[in-house]
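*Asks:* Here the sequence shown is numbered in numbering that gives the first Met the number 0, starting from 0 and rising by one per residue.
Attaching a single structure in structure tokens format; questions to follow.
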Amino acid sequence: MSGEAYWFVALLLGLVVAVVAVVLLETFLRQVHRIERGAGQVWSAGKQVARNTATTWLLPETSDRLGQLTDEAARHAALLTPPPTSGQTPR
Numbered sequence: 000m001s002g003e004a005y006w007f008v009a010l011l012l013g014l015v016v017a018v019v020a021v022v023l024l025e026t027f028l029r030q031v032h033r034i035e036r037g038a039g040q041v042w043s044a045g046k047q048v049a050r051n052t053a054t055t056w057l058l059p060e061t062s063d064r065l066g067q068l069t070d071e072a073a074r075h076a077a078l079l080t081p082p083p084t085s086g087q088t089p090r
């Protein structure tokens with residue numbers, strides 16, 4: 000082989016290596032973007048969960064106050080219900 004043929008083979012191999020490197024890097028870049036999108040979705044979901052559960056510590060107090068409100072409503076209903084008169088049966 001002549002010196003010119005060796006240069007041609009070397010340049011051809013360099014081109015093949017460069018094309019393979021570009022394809023591999025492009026595949027890697029696409030995977031990175033896919034992972035970034037997935038991580039962004041997980042981050043958004045985590046923020047929504049945090050927002051939805053930020054006040055769960057208030058649930059016991061809310062339950063207590065609901066019980067108090069129910070008792071008060073029962074007292075109001077008892078006061079607003081007329082007492083049964085003689086000969087009538089209560090509803």
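Where is the CB? At the ideal position from N, CA and C, for every residue including glycine.
Note that the structure is a prediction, hence the values are computed from the model and not measured.
Alpha carbon to alpha carbon, how far is Gly2 from Leu10? Give it in angstroms, no decimals.
*Replies:* Spanning the two alpha carbons is a distance of roughly 12 Å.
*Asks:* Taking only the alpha-carbon atoms, compute the straight-line gap between Thr52 and Ser62 and give it to the nearest angstrom.
*Replies:* Distance between the alpha carbons of Thr52 and Ser62: 16 Å.
*Asks:* Report the rounded CA-to-CA distance for Pro59 versus Gln67, giving the unit in angstroms.
*Replies:* Whole-angstrom Cα-Cα distance: 13 Å.
*Asks:* Does Pro59 come out as helix, strand or coil in the three-state DSSP assignment?
*Replies:* Note: Pro59 maps to helix in three-state DSSP.
*Asks:* DSSP three-state call for Ser43: helix, strand or coil?
*Replies:* Ser43: helix per DSSP, three-state reduction.
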